[in-house]
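J.: Chains as they are written, first to last, in our numbering: chain A, 299 to 705; chain B, 11 to 509.
#1: What is the DSSP secondary structure of residue 398 (chain B), reduced to helix, strand or coil?
#2: Going by DSSP in three states, residue 72 (chain B) sits in which element: helix, strand or coil?
#3: The stretch 595-607 of chain A: which residues have C-beta closer than 8 angstroms to a C-beta of chain B, in chain order?
#4: Is there contact here, the stretch 628-637 of chain A with the stretch 668-684 of chain A, by at least three beta-carbon pairs under 8 angstroms?
#5: Look at residue 640 (chain A) and residue 427 (chain A) and say whether their C-beta atoms are less than 8 angstroms apart.
#6: In chain A, which residues lie less than 8 angstroms from residue 121 (chain B) when you measure between Cβ atoms?
#7: Looking at the unbroken alpha helix (DSSP H) that takes in residue 307 (chain B), where does it start and where does it end?
#8: Check distances from the C-beta atoms of the stretch 377-388 of chain A to those of chain B and list, in chain order, the residues that come in under 7 angstroms.
#9: Using a Cβ-Cβ cut-off of 8 angstroms, state whether residue 676 (chain A) counts as contacting chain B.
#10: For chain A, check one thing: does any of its Cβ atoms lie closer than 8 angstroms to the Cβ of residue 236 (chain B)?
#11: If you count every other CB in all the chains shown that lies within 10 Å of the CB of residue 51 (chain B), and 16 or more means buried, which is it?
#12: Could you run through the stretch 68-100 of chain B and flag, in chain order, every residue whose CB is less than 9 angstroms away from some CB of chain A?
#13: Kindly indicate the opening and closing residues of the beta strand (DSSP E) around residue 81 (chain B).
#14: Return the Cβ separation of residue 438 (chain A) and residue 393 (chain A) in integer angstroms, given the expectation that the two are a contact with Cβ distance under 8 angstroms.
#15: Alpha carbons only, please: which of B:240, B:252, B:41 is nearest the one belonging to residue 308 (chain B)?
#16: Whole angstroms are fine: how far does the CA of residue 330 (chain A) sit from the CA of residue 468 (chain B)?
#17: Would you tell me roughly how many angstroms separate the C-alpha atoms of residue 370 (chain A) and residue 345 (chain A), rounded to the nearest one?
#18: Looking at residue 27 (chain B): is its Cβ nearer than 8 angstroms to the Cβ of residue 59 (chain B)?
#19: Measure from the C-beta of residue 330 (chain A) to each C-beta in chain B and report whether the shortest distance is under 8 angstroms.
#20: Going residue by residue through the stretch 95-169 of chain B, where are the continuous beta strand (DSSP E) segments of at least 3 residues, counting only ones entirely within it?
#21: Any beta carbon from chain B within less than 8 angstroms of residue 445 (chain A)'s own beta carbon?
#22: Flag residue 131 (chain B) as yes if its beta-carbon sits less than 8 angstroms from any beta-carbon of chain A, otherwise no.
#23: Give the secondary structure of residue 344 (chain A) by DSSP, where H, G and I count as helix, E and B as strand, and everything else as coil.
#24: Can you tell me which of the three DSSP states residue 243 (chain B) falls into?
#25: Return the residues of the stretch 23-46 of chain B that lie within a Cβ-Cβ distance of less than 8 angstroms from chain A, sorted by chain order.
#26: For residue 323 (chain B), does the three-state DSSP call read helix, strand or coil?
#27: Under DSSP, the beta strand (DSSP E) around residue 694 (chain A) begins and ends at which residues?
#28: With 16 as the cutoff for other CB atoms within 10 Å, does residue 440 (chain A) come out buried or exposed?
#29: Can you name the start and end residues of the beta strand (DSSP E) that residue 594 (chain A) belongs to?
#30: How big is the Cα-Cα spacing for residue 610 (chain A) and residue 661 (chain A)?
#31: If you follow the alpha helix (DSSP H) that residue 255 (chain B) is in, where does it begin and where does it stop?
#32: Looking at chain B, is there any beta carbon in it that lies within less than 8 angstroms of the beta carbon of residue 450 (chain A)?
#33: Does the beta-carbon distance from residue 540 (chain A) to residue 471 (chain A) come in below 8 angstroms?
#34: Can you list, in chain order, the residues of its chain whose CB lies under 7 angstroms from that of residue 30 (chain B), leaving out five sequence neighbours each side?
#35: Shorter than 8 angstroms from the beta carbon of residue 9 (chain B) to some beta carbon of chain A?
#36: Expressed to the nearest angstrom, what Euclidean distance is found between the alpha-carbon atoms of residue 679 (chain A) and residue 381 (chain A)?
Below is the structure:
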């Protein structure tokens with residue numbers, strides 16, 4: 299777990315990456331594979347989802363690097379294929395996890411910058427992504443759902459404007475996907491926090507989209523606007539700690555300084571808060587935990603991999619007695635669920651294909667439950683398992699914890 | 011954009027797996043070999059990703075029909091830019107859909123793999139069975155088949171498993187006429203399933219792999235596997251002078267202990283471990299000048315015995331053991347494991363560090379003469395009016411490096427200098443070219459032969475080159491496999507090797 303993650307390099311323009319491509323990218327292919335000594339199964343050796351599906355080099359980080367060079371030099375003109383290559387990246391960051399140590403390159407940031415550039419020159423984003431932006435503008439969420447329904451899932455007794463709760467300085471930022479698509483995660487999170495008597499509040503009607511879908515698709519201006527609004531509200535609430543249950547929100551808030559926004563509070567994932575507490579309370583016999591399922595595997599969300607946030611959810615799963623079966627690709631080597639980077643909105647079949655590859659790996663562990671701590675991952679796995687008729691249940695760690703606590 | 015070739019390729023591999031889109035082609039236009047040169051990126055006309063030998067055959071026949079060149083790419087680092095097109099053509103990407111481990115024959119210590127299988131993939135399965143294939147001084151992202159056949163980065167081996175190319179037991183190759191040719195025991199028409207021995211009854215696998223150039227598309231390779239010891243250890247000692255480190259190396263080698271042995275110039279670490287010139291400079295300042303890395307592998311008893319002997323020899327020759335007391339150096343241990351014993355490239359992730367334009371030379375010499383070679387190299391650099399003066403050109407600091415590793419009956423001493431500066435800086439590039447020529451001239455003046463890493467005619471019998479050349483001319487009269495420089499229309503000038 300790392301709370302002091304600092305962006306190792308800050309580059310401001312695509313031209314900076316152009317320089318990097320020329321001098322650093324030696325096509326060593328580290329960006330395509332898991333960390334080599336960690337290869338435990340030859341079937342699960344590759345780590346780039348778009349490369350694994352579309353196969354051509356252009357769909358791996360090394361190829362996209364070359365595309366940056368060719369676009370800036372005018373060697374390649376904008377086309378549907380170019381946009382396809384740029385927008386099929388799930389922004390999982392597996393490439394960068396290794397490249398930053400081997401080739402000293404930053405392909406994830408390069409592709410994010412390339413998307414930003416595509417928007418600047420009117421070649422991006424793709425239609426589904428434009429809808430995100432329009433909806434975020436109007437409804438403050440990318441799903442076109444009414445803003446007033448954002449907290450419809452909130453238990454009736456919960457009073458977010460209670461002064462004592464606001465004064466606690468702890469705010470649970472729910473996020474759009476959790477609020478509108480995977481409400482069970484939000485409900486489980488609130489139940490657990492209340493059960494453990496952790497005072498917290500929510501932003502109520504003032505919570506807007508964190509901006510993640512916009513940042514990931516190159517629409518930085520809109521992303522900054524909505525993120526700035528949230529930060530301003532939090533500042534007025536005098537919040538000291540922001541709890542999130544979504545990997546996308548976590549990454550977006552943690553990266554706020556990258557976009558020139560000062561973050562006046564600490565951002566943590568809810569599992570980071572609860573893992574030590576659960577262990578302590580269970581150790582002292584203050585809470586009783588009943589194992590909800592026997593065996594599960596765990597999927598590391600990509601946006602948390604960037605921050606090396608691997609252990610807290612595992613500690614919770616172990617604390618509640620679940621037999622944790624690791625997939626061959628885990629932690630830094632994790633393989634994307636296929637949802638991210640605006641991919642699912644525009645290329646749904648591809649997103650499901652990537653998820654099916656991950657589910658196949660989950661199956662190889664012998665578990666029929668896959669746990670994670672990101673609503674996007676859960677959503678994609680659930681749908682894919684349904685479409686393929688796979689006997690693989692998907693839970694958020696908070697749901698399993700709530701069950702273990704008998705909630 | 012549709013044309014006759016494109017349409018036919020679509021029929022062969024399926025529309026999804028062929029492209030002539032510039033956005034796709036551009037990703038095949040450059041590699042590490044073009045990085046430090048002024049060569050412009052060059053793209054193929056088509057890229058195909060076949061999934062079977064039949065698809066490869068049909069693609070080759072099509073290329074022959076239209077008399078267009080073929081380039082073959084797999085995965086990993088291509089140091090010689092072989093798959094970068096010279097004049098358009100079809101690029102066959104073998105690494106994406108032909109990556110099956112066909113067989114692991116534990117009893118006979120061999121594995122049969124397709125070209126897309128990397129060392130990491132194969133070793134991950136072999137190690138479950140107590141076996142491994144040596145990784146030839148390259149990251150484990152490289153293709154087993156293509157790396158072994160193309161001699162890897164510098165064809166290094168280790169003193170227990172020998173040279174890289176000796177790991178081949180046989181391979182299957184689609185020739186320019188579309189026929190399948192099997193090399194080694196595989197060529198036995200009564201037993202095409204088994205490949206135990208590289209030398210026959212047909213053409214020798216090793217003979218075919220030695221001459222540089224493309225004969226065809228390799229679709230399957232059989233490689234030798236080695237038993238994995240239960241214990242593994244690396245002993246690293248440090249020396250202040252070249253003579254002593256070579257004496258220790260020689261003594262250990264003559265005792266026939268150790269799994270892999272090599273020495274580095276001490277700062278060799280730093281280019282891999284540092285991310286900038288100034289940090290490399292700092293590391294160099296407190297680095298002992300030479301390092302001897304010796305690894306051993308086997309039973310616990312064997313490893314303990316060999317480690318004891320290695321330490322005694324190193325101490326006797328003035329070596330010091332820093333790593334146990336100086337934790338920062340331990341981070342390099344795994345790199346040494348990769349380099350010396352070549353077990354699994356455990357340290358391969360660190361392989362590409364801060365490295366910039368460099369000159370290099372391979373010199374074949376005995377261990378006694380290695381110090382002399384190194385001194386010639388150092389003198390060439392230090393006496394050079396440009397390279398010897400770090401202030402002469404902004405940011406042009408040079409570092410000397412040397413790697414020595416066992417070869418056939420002697421050692422290969424690989425010398426290189428790295429410089430700080432932009433890889434495209436014409437001043438640096440011109441000076442590097444000049445220094446390169448000067449170094450070779452000096453080495454030759456002292457009776458040593460050097461080859462640049464692009465070609466290694468040193469150990470190649472000229473008659474083999476001639477035979478291979480004639481053979482190739484017969485099967486590929488239209489030169490579809492070797493456009494331009496690899497196998498030019500006339501016999502290449504191999505320098506002293508043919509004189």
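Note that the Cβ used here is the ideal one computed from N, Cα and C, for glycine as well. From a predicted model like this one, the values you see are computed outputs, not experimental measurements.
T.: Working from what's here:
#1: Reduced to three states, the DSSP call for residue 398 (chain B) is coil.
#2: Helix.
#3: Residues passing the 8 angstroms Cβ filter: none.
#4: Flag = yes, the stretch 628-637 of chain A and the stretch 668-684 of chain A touch.
#5: The answer is yes: Cβ separation under 8 angstroms.
#6: Here the premise fails: no neighbours, minimum Cβ distance about 11 angstroms.
#7: First-last for residue 307 (chain B): 300-308, but that is the beta strand (DSSP E), not the alpha helix (DSSP H).
#8: Flagged, chain order: 377, 379, 380, 383.
#9: No, no contact with chain B.
#10: Residue 236 (chain B) does not count as touching chain A.
#11: Counting Cβ neighbours within 10 Å, residue 51 (chain B) comes out buried, since at least 16 surround it.
#12: Listed by position along the chain: 83, 85, 86, 87, 88.
#13: From DSSP, the beta strand (DSSP E) with residue 81 (chain B) extends over 80-83.
#14: Contact annotation, residue 438 (chain A) with residue 393 (chain A): C-beta distance approximately 32 angstroms; criterion of less than 8 angstroms not satisfied.
#15: Residue 308 (chain B) has its Cα closest to that of B:240, out of B:240, B:252, B:41.
#16: With a pLDDT of 38 at residue 468 (chain B), under the threshold of 50, the modelled position of this residue cannot be trusted, and the question is left open.
#17: CA-CA distance, residue 370 (chain A) to residue 345 (chain A), rounds to 27 angstroms.
#18: Cβ distance < 8 angstroms, so residue 27 (chain B) and residue 59 (chain B) count as in contact.
#19: Yes, residue 330 (chain A) counts as interfacial toward chain B.
#20: Within the stretch 95-169 of chain B, complete beta strand (DSSP E) segments of at least 3 residues are found at 100-103, 111-115, 120-123, given in chain order.
#21: No, residue 445 (chain A) does not count as interfacial toward chain B.
#22: Chain A places a beta carbon closer than 8 angstroms to that of residue 131 (chain B), counting this residue as a contact.
#23: The answer is strand: DSSP assigns residue 344 (chain A) an E or B state.
#24: When secondary structure is reduced to three states using DSSP, residue 243 (chain B) falls in the strand class.
#25: Of all residues in the stretch 23-46 of chain B, 27, 29, 31, 32, 33, 34, 36, 37, 38, 39, 40, 41, 42, 45 have a Cβ within less than 8 angstroms of some Cβ in chain A.
#26: In this structure, residue 323 (chain B) counts as helix in the three-state DSSP scheme.
#27: Going by DSSP, residue 694 (chain A) is part of the beta strand (DSSP E) stretching over 691-694.
#28: Classification of residue 440 (chain A): buried, given that the 10 Å Cβ count is 16 or more.
#29: Here the beta strand (DSSP E) through residue 594 (chain A) covers 593-596.
#30: The alpha-carbon atoms of residue 610 (chain A) and residue 661 (chain A) are separated by roughly 23 angstroms.
#31: Bounds of the alpha helix (DSSP H) holding residue 255 (chain B) are 252-264.
#32: With 8 angstroms as the cut-off, residue 450 (chain A) does not count as an interface residue toward chain B.
#33: In this structure, residue 540 (chain A) places its C-beta atom within 8 angstroms of the C-beta atom of residue 471 (chain A).
#34: 11, 16, 55, 56, listed in sequence order.
#35: Past the boundaries of the shown model lies residue 9 (chain B); chain B is included only from 11 to 509, so the question cannot be answered.
#36: C-alpha separation (whole angstroms): 26 angstroms.
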